[in-house]
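Written out below as structure tokens is the structure these notes cover.
Number of protein chains: 2
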Amino acid sequence: MTFETINRWRCFDGWQTVYAHPSEATGCRMEVAVYTPPQAETQACPVVYYLSGLTCTWENAVTKAGAQRYAADHGLILVFPDTSPRGDAVADAPDRYDLGKGAGFYLDATQDPWAEHYRMDDYVVRELPAVLEPVLPTADGRRSILGHSMGGHGALVLAMRNPDLYQAVSAFAPIVAPSQVDWGRKALTAYLGDDPTAWAAYDASALVRSRGWKADILVDQGEADAFLTSGLRPELFEAACAEAGVPLTLRRHVGYDHSYYFIASFMADHLRWHAERLRR
Amino acid sequence: MTFETINRWRCFDGWQTVYAHPSEATGCRMEVAVYTPPQAETQACPVVYYLSGLTCTWENAVTKAGAQRYAADHGLILVFPDTSPRGDAVADAPDRYDLGKGAGFYLDATQDPWAEHYRMDDYVVRELPAVLEPVLPTADGRRSILGHSMGGHGALVLAMRNPDLYQAVSAFAPIVAPSQVDWGRKALTAYLGDDPTAWAAYDASALVRSRGWKADILVDQGEADAFLTSGLRPELFEAACAEAGVPLTLRRHVGYDHSYYFIASFMADHLRWHAERLRR
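Those sequence lines, one after another, are chains H and P.
My numbering numbers the first residue of the first sequence as 1 and each following residue consecutively.
My numbering numbers the first residue of the second sequence as 1 and each following residue consecutively.
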């Protein structure tokens with residue numbers, strides 16, 4: 001598997017790199033950004049996957065979240081995958097921001113025309129650890145995952161579906177119950193078909209009830225988030241975690257919205273939280 | 001003077017605001033971004049001006065420099081002006097990135113067609129402190145300035161031209177000798193005419209020789225900066241400061257380039273440095 005370095009910047013005494021590589025999972029060329037902290041040159045470091053939200057590429061979080069500083073503080077490698085397959089051959093819904101390119105929802109689609117390339121679950125969970133981590137300096141096999149909005153959904157869902165793979169999970173303003181909100185129902189119907197029983201495999205609130213989670217979960221949510229009551233509804237996940245006996249720290253922040261200003265403000269807490277749990 | 005709030009985000013327990021206002025100095029509508037730290041709600045805070053480089057608006061530094069966190073740490077108000085006048089009525093050189101809109105060079109132009117609107121010196125030094133600071137919560141009259149590239153040039157030049165106004169100055173990869181480098185000579189010729197004696201008033205290396213500076217200066221420079229030997233030439237400022245007896249801390253960072261990844265990596269040091277000097 002070939003990783004082509006398409007850009008590379010010195011950053012907080014480590015390196016922010018952007019790779020392009022052919023992906024077997026998605027059947028297209030993918031870009032993925034990686035931050036390697038200064039510690040990675042000499043010692044084993046865990047890998048934290050950050051999944052971005054609707055309309056994003058790796059670039060939003062890499063340029064705006066301020067995560068590199070904290071990764072350098074704690075000796076964490078950060079991996080920023082794209083949010084969907086890309087390229088002219090990939091199906092799209094160009095009039096919609098919440099379906100198609102930029103909106104892969106971190107699942108393996110079963111419905112046409114999406115099933116051919118929209119395999120972001122396979123890509124993030126199986127392909128990237130298998131092919132990317134061996135070429136990173138001193139990735140040590142420990143792994144955790146976090147994300148924002150659709151990426152928060154992805155982080156929660158992929159962690160609960162793969163508890164042996166990830167030691168910790170957290171999220172910013174996640175879509176916690178896609179089966180019960182408008183943009184989730186539309187996406188799940190398109191990608192997985194109109195039988196809601198298929199949706200439960202990619203619904204964090206359903207998954208925590210059916211599978212639980214082996215540790216605690218951190219979620220930050222802005223109270224001024226425009227999607228709070230329509231598309232996010234953290235109270236649904238709070239109730240599901242309580243029912244499942246999974247310890248959830250849900251912090252509601254007055255005045256904060258859905259933007260990267262919100263994410264940047266609390267990134268330090270998240271990466272410290274991951275570092276503590278990855279060291280255990 | 002009316003400041004219209006065009007956007008506002010909660011950020012590190014303070015507020016990142018973007019204002020639009022009619023400017024008398026530039027004769028057009030200007031946008032300016034302001035970060036007010038949590039301390040500003042209850043106590044007097046100094047104001048740090050950040051001047052951006054070629055092609056930028058307020059947005060580049062506000063979204064990518066990670067400065068808000070350190071401003072919140074130290075209780076600093078940050079002001080991010082635009083890099084030129086804007087609007088359809090404003091002269092431009094659309095085929096050039098280093099002249100016209102996005103390239104005001106923080107001077108008061110004397111040559112047509114630039115003299116009518118290109119008065120960024122007047123705007124940053126006289127207008128903004130006079131009209132913006134009174135509407136900010138508890139700006140306390142202490143003031144310092146920093147910037148990047150063309151904005152580093154602006155910070156050094158405006159500080160040395162106005163030592164009573166600014167208590168401290170620092171720069172990332174500044175254009176320190178515009179009279180001696182290609183993009184500087186082209187801009188100074190266009191804005192100020194072809195007599196090089198007029199350029200000395202906006203050339204940091206000439207100014208530190210003629211006026212000196214009352215305190216120390218911090219400059220960070222990446223060794224992998226593509227503009228290092230063509231457009232920046234920090235050794236010219238180093239020699240001028242040595243000659244003038246002005247203490248310069250010039251840090252050369254191996255592997256760092258001209259990007260915001262470089263700026264973000266050292267922003268903590270700069271704002272700590274400003275906070276220490278503003279408290280004196």
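Where is the CB? At the ideal position from N, CA and C, for every residue including glycine.
In this text the structure is predicted, and so the values were computed from the model without any measurement.
In chain P, which residues lie less than 8 Å from residue i when you measure between Cβ atoms?
{"i": "residue 50 of chain H", "result": "Near residue 50 of chain H there are no residues of chain P at all, since even the closest Cβ is about 16 Å away, more than 8 Å."}
{"i": "residue 16 of chain H", "result": "261"}
{"i": "residue 224 of chain H", "result": "10"}
{"i": "residue 63 of chain H", "result": "63, 64 and 260"}
Helix, strand or coil for residue i? Go by DSSP, reduced to three states.
{"i": "residue 11 of chain P", "result": "strand"}
{"i": "residue 226 of chain H", "result": "coil"}
{"i": "residue 56 of chain P", "result": "coil"}
{"i": "residue 134 of chain H", "result": "helix"}
{"i": "residue 5 of chain P", "result": "strand"}
{"i": "residue 34 of chain P", "result": "strand"}
{"i": "residue 80 of chain H", "result": "strand"}
{"i": "residue 85 of chain P", "result": "coil"}
{"i": "residue 204 of chain H", "result": "helix"}
{"i": "residue 175 of chain H", "result": "coil"}
{"i": "residue 272 of chain H", "result": "helix"}
{"i": "residue 247 of chain H", "result": "coil"}
{"i": "residue 189 of chain P", "result": "helix"}
{"i": "residue 129 of chain H", "result": "helix"}
{"i": "residue 149 of chain P", "result": "coil"}
{"i": "residue 92 of chain P", "result": "coil"}
{"i": "residue 265 of chain H", "result": "helix"}
{"i": "residue 234 of chain P", "result": "helix"}
{"i": "residue 252 of chain H", "result": "strand"}
{"i": "residue 23 of chain P", "result": "strand"}
{"i": "residue 42 of chain H", "result": "coil"}
{"i": "residue 184 of chain P", "result": "helix"}
{"i": "residue 68 of chain P", "result": "helix"}
{"i": "residue 108 of chain H", "result": "strand"}
Taking 9 Å as the CB-CB cut-off, is residue i touching chain C?
{"i": "residue 260 of chain P", "result": "You won't find chain C in this structure, because its protein chains are H and P."}
Assuming residue i and residue j form a contact by the criterion Cβ under 8 Å, report the distance between their Cβ atoms to the nearest whole angstrom.
{"i": "residue 167 of chain P", "j": "residue 277 of chain P", "result": "6 Å"}
{"i": "residue 264 of chain P", "j": "residue 74 of chain P", "result": "Residue 264 of chain P to residue 74 of chain P, Cβ: 17 Å. No contact."}
{"i": "residue 35 of chain P", "j": "residue 11 of chain P", "result": "7 Å"}
{"i": "residue 138 of chain P", "j": "residue 45 of chain P", "result": "6 Å"}
{"i": "residue 222 of chain H", "j": "residue 253 of chain H", "result": "5 Å"}
{"i": "residue 3 of chain H", "j": "residue 135 of chain H", "result": "6 Å"}
{"i": "residue 114 of chain H", "j": "residue 91 of chain H", "result": "6 Å"}
{"i": "residue 103 of chain P", "j": "residue 83 of chain P", "result": "7 Å"}
{"i": "residue 64 of chain P", "j": "residue 64 of chain H", "result": "7 Å"}
What does residue i reach in chain H if we use C-beta pairs closer than 9 Å?
{"i": "residue 11 of chain P", "result": "256, 259, 261, 262, 264 and 265"}
Among residues of its own chain, excluding the 5 on either side of residue i, which ones have a beta-carbon nearer than 8 Å to its beta-carbon?
{"i": "residue 233 of chain H", "result": "176, 177, 180 and 181"}
{"i": "residue 71 of chain H", "result": "12, 14, 35, 37, 48, 77, 78 and 271"}
{"i": "residue 29 of chain H", "result": "20, 21, 22, 23, 86 and 87"}
{"i": "residue 224 of chain H", "result": "254, 255, 256 and 257"}
{"i": "residue 142 of chain H", "result": "46, 47, 167 and 278"}
{"i": "residue 43 of chain P", "result": "75 and 138"}
{"i": "residue 6 of chain H", "result": "18, 19, 20 and 31"}
{"i": "residue 58 of chain P", "result": "18, 31, 32, 33, 52, 80, 81 and 82"}
Whose C-alpha, out of the options, is nearest the C-alpha of residue i?
{"i": "residue 148 of chain P", "options": "P:60, P:33 and P:14", "result": "P:60"}
{"i": "residue 281 of chain P", "options": "P:145, P:22 and P:107", "result": "Beyond the ends of chain P as shown, which are 1 and 280, falls residue 281 of chain P; an answer cannot be given."}
{"i": "residue 192 of chain P", "options": "P:105, P:235 and P:210", "result": "P:105"}
{"i": "residue 98 of chain P", "options": "P:195, P:152, P:186 and P:241", "result": "P:186"}
{"i": "residue 125 of chain P", "options": "P:114, P:109 and P:161", "result": "P:161"}
{"i": "residue 245 of chain P", "options": "P:69, P:146, P:230 and P:215", "result": "P:215"}
{"i": "residue 69 of chain P", "options": "P:157, P:16 and P:225", "result": "P:16"}
{"i": "residue 316 of chain H", "options": "H:93, H:140 and H:132", "result": "Look at the range of chain H in this structure, 1 to 280, and you will see that residue 316 of chain H is not part of it."}
{"i": "residue 240 of chain H", "options": "H:63, H:133, H:210 and H:27", "result": "H:210"}
{"i": "residue 164 of chain P", "options": "P:213, P:116 and P:183", "result": "P:213"}
{"i": "residue 41 of chain H", "options": "H:58, H:140 and H:96", "result": "H:140"}
Check the Cβ of residue i against every Cβ in chain P and list those closer than 9 Å, keeping chain order.
{"i": "residue 69 of chain H", "result": "66, 69, 264, 265 and 268"}
Who are the near neighbours of residue i in its chain, counting only those whose CB is closer than 7 Å to its CB and skipping five residues on each side?
{"i": "residue 127 of chain H", "result": "23, 24 and 25"}
{"i": "residue 206 of chain P", "result": "179 and 200"}
{"i": "residue 152 of chain H", "result": "171, 172, 173, 174 and 175"}
{"i": "residue 218 of chain H", "result": "170, 249, 270 and 273"}
{"i": "residue 157 of chain P", "result": "106, 202, 204 and 207"}
I want to verify the contact list: residues of chain P whose CB lies under 7 Å from the CB of residue i, in sequence order.
{"i": "residue 5 of chain H", "result": "Ordered by position in chain P, no residue passes the 7 Å Cβ test against residue 5 of chain H, which lies about 14 Å from the chain."}
Give me, in chain order, the residues of the same chain whose beta-carbon lies closer than 6 Å to that of residue i; leave out the 5 immediate sequence neighbours on both sides.
{"i": "residue 48 of chain H", "result": "76, 78, 144 and 274"}
{"i": "residue 32 of chain P", "result": "19 and 81"}
{"i": "residue 66 of chain P", "result": "264 and 267"}
{"i": "residue 293 of chain H", "result": "With chain H running from 1 to 280 in the structure shown, residue 293 of chain H is simply not present."}
Tell me whether residue i counts as near the ligand HEM, meaning its Cβ is closer than 8 Å to at least one heavy atom of that ligand.
{"i": "residue 87 of chain H", "result": "Questions concerning the ligand HEM fall outside what the structure shown contains, since it holds no ligand whatsoever."}
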